[in-house]
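**Q**
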Amino acid sequence: MSTTFWIIIAGAIATYLTRIGGHLVISRFDHIHPRVEAGLNAVPAAVLTTLVAPELLNAGPAEWAA
Numbered sequence: 020m021s022t023t024f025w026i027i028i029a030g031a032i033a034t035y036l037t038r039i040g041g042h043l044v045i046s047r048f049d050h051i052h053p054r055v056e057a058g059l060n061a062v063p064a065a066v067l068t069t070l071v072a073p074e075l076l077n078a079g080p081a082e083w084a085a
């Protein structure tokens with residue numbers, strides 16, 4: 020099998036273990052503090068911002084219109 024196949028499999032396993040690990044850690048707590056919950060709820064917006072902000076700052080008007 021090709022190297023690309025094994026890289027994809029390794030990435031899939033790493034993603035799966037990361038998701039399961041997070042679930043296992045959070046499920047051990049009976050009660051999650053509201054500040055922690057608010058922080059976890061803010062993670063998707065923070066990730067999206069880190070992906071979009073550099074492009075907006077480095078782009079010109081033509082890229083903004085697209």
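Quick note on the working numbering: the sequence shown kicks off at 20 and runs consecutively.
Glycine residues also receive a C-beta, built at the ideal position from the N, C-alpha and C atoms.
1) What did DSSP end up calling Ala-33 once you bin it into helix, strand or coil?
2) What is the rounded straight-line gap between the Cα of Ala-29 and the Cα of His-42?
3) Could you tell me the boundaries of the alpha helix (DSSP H) in which Arg-54 lies?
4) Hey, quick one: how far does the alpha helix (DSSP H) through Ala-84 stretch, first residue to last?
**A** Taking the definition as stated:
1) The three-state secondary structure of Ala-33, taken from DSSP, is helix.
2) 20 Å
3) 53 to 77
4) 80 to 84 is the span of the alpha helix (DSSP H), which, as asked, contains Ala-84.
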